[in-house]
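For the sequence shown, our numbering begins at 58 and goes up steadily by one.
Where is the CB? At the ideal position from N, CA and C, for every residue including glycine.
Owing to the predicted nature of the structure, the values given are computational and were not obtained by experimental measurement.
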Amino acid sequence: MDYRRANRAYLYMILSTIGLVLVLSLWYLNGGAEVSILMNNILSEAVVLIPALAAVFYSGDKLSVLIPFHKIHISSALLIVVYVLTLFPLVAFVNSVSMLFVENTVSALSDDVIAMPMWVMILSIGLLGPFIEEVVFRGIILQSYQRTGRIIGSIVLSSVLFGMMHMNFNQFAYGAVMGVMLALLVEATGTVLASFIAHAVFNTIEVVMMFLSSDALDEASELASDYMGELGGTVSTIIYHAYLLLAAVLFTTVSVLIVRKISEIEGRKEFLIGIPRNKRQGYKLVTIPLIIAIIVAVAFMFFSAGLI
C-alpha cells in the first residue's frame, strides 16, 4: 500500500472516530444506557482498525508485508522492558507540560477504569489497544510511508498521527513522543512485535498504577503539593519542570543506548545508525486527504477542550 492510500485510511479513521463520538452522544441524549469503558475502548479501536484493514485489502497488499511480525531474542525482549521504564521520565515531562494548558485526560478516566476488574482493563488497555495501534501505526501506516524512502519523515509523521488519533491535546503530546520511541524499536528489530511489547508494558503499568493510586500515590501527591505550595506557585512549577526535564534528558539518553544495543542483538545496528544518512526519494508524504484529516482532528480537539 502506498502513502496516498495510507493517508486516505487515516482520514477515514478520524471521521469514523468523530462519528462514533456523535453516535454515543445521541445515544446518551435519548436516554440510552451508559456504555462501559471496556465497550468504549473496543469501539474506539475498531474504528481505527477497520479503515486501515479495508485500505490494505483494497490495495491488494499482503498484511504480512505491511505488518512485519517475527520473533526476537529473549535478551531483546528483556531490554525492551527496561527501555519502557526509561521512557517514563520523558513521558512525565511532556505530559506535565501539556497539563499547563489542558486537562489530563487519562487521569479524568481513572474512576471509570478502577470501577472495572483490573484484569479486564489490562486485557483492554494493556493488550488489545496496543496490539491494534501497533498493527495500524507502526505496521500499516509506517511501512506504507517508508516505501517512499523517507525513513525519518515516516517515523515523525506516523508518530504525530498516532498522537493525534487520541483526539485530545494531552494524549496527543506524549502519544506523539511515544510514537517516535516505539518506531525506533521497529527500526531496531525489524518487527512490530517489539513495539507491541513496549506499548503493552507501558499501558499495563499505567493501568496498575491507576488501581494503586487511590491511597499511596494520592497521599504522596498531597505531600508534594504542600511542599510546592510553600515555595510559591510559579517558582514551584519552574523547579518541578526543571527536575522533570533533567530526568527526561538523562533517561532518554539511556533509552537511545538501549535501542542501539537491541539493534546490535537483532543484527540491525548498521541499518539503525545509517537512518540519518538514508537517501530520500522524491515523494512528499503529505496529501490533501491527510491535510483534511489533520484540520478536522485539530478542530475537534479544540472543541472538546472547550477552546472554541
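Excluding residues up to 5 positions away in sequence, Ile75, Met224 lie with their Cβ nearer than 7 Å to the Cβ of Phe357 in the same chain.
The Cβ atoms of Gly196 and Val249 sit closer than 8 Å to each other. Apart from sequence neighbours up to five positions away, the residues of its chain that approach Phe359 with a beta-carbon distance below 8 Å are Ile365, ordered along the chain.
The residue from Ser201, Val104, Ala66, Leu68 with its alpha-carbon nearest to that of Ser121 is Ser201. Counting along the chain, the unbroken alpha helix (DSSP H) around Thr246 starts and ends at 226 to 246. Assignment of Tyr340 by DSSP, reduced to helix, strand and coil, places it in the coil class. Approximately 3 Å separates the beta-carbon atoms of Gly232 and Gly220; this is inside 8 Å, confirming the contact.
When Ala251, Gly88, Val265, Val154 are compared, the shortest CA-CA separation from Val139 is found for Ala251. Pairing Ile137 with Ala255 gives a Cβ-Cβ distance under 8 Å. Across the set Pro187, Phe188, Ala257, Ser133, the C-alpha of Ser133 shows the shortest separation from the C-alpha of Lys326. By alpha-carbon distance to Leu123, the top candidate from Ser73, Asn152, Phe188, Ile198 is Ile198. Looking only at Val154, Thr344, Asn161, the smallest Cα-Cα distance to Leu302 is reached by Val154. Spanning the alpha carbons of Val104 and Met156 requires a straight line of approximately 27 Å.
In this structure, Val264 lies away from Ile189, with their beta-carbon atoms at least 8 Å apart. Cβ neighbours of Val92 within its own chain (closer than 7 Å, five residues either side excluded): Leu81.
Excluding sequence positions up to five before and after Asn64, its CB lies within less than 6 Å of the CB of Thr344, Pro346, Leu347, all in the same chain and listed in chain order.
Assignment of Leu147 by DSSP, reduced to helix, strand and coil, places it in the helix class. Under the three-state reduction of DSSP output, Arg62 falls in the helix class.
Looking at the backbone, the Cα of Asn335 and that of Val170 are separated by about 44 Å. In the structure shown, Arg325 falls within a coil segment according to DSSP collapsed to helix, strand and coil. With distances taken between CA atoms, Leu180 lies nearest to Ile94 out of Ile94, Gly210, Ser215.
For Phe158, there is no enclosing alpha helix (DSSP H), since its DSSP letter is neither H nor E. For Phe308, same chain residues with a beta-carbon under 7 Å away, outside a window of 5 residues either side, are Thr143, Pro146, Leu147 in chain order. Leu342 has its alpha-carbon roughly 6 Å from the corresponding atom of Tyr60. Excluding its 5 nearest sequence neighbours in each direction, Asn260 has C-beta neighbours in its own chain below 7 Å: Ile182, Gly183, Gly186, Pro187, listed in chain order. DSSP places Met178 in the uninterrupted alpha helix (DSSP H) bounded by 175 to 178. DSSP places Leu83 in the helix class (H, G or I) of the three-state scheme.
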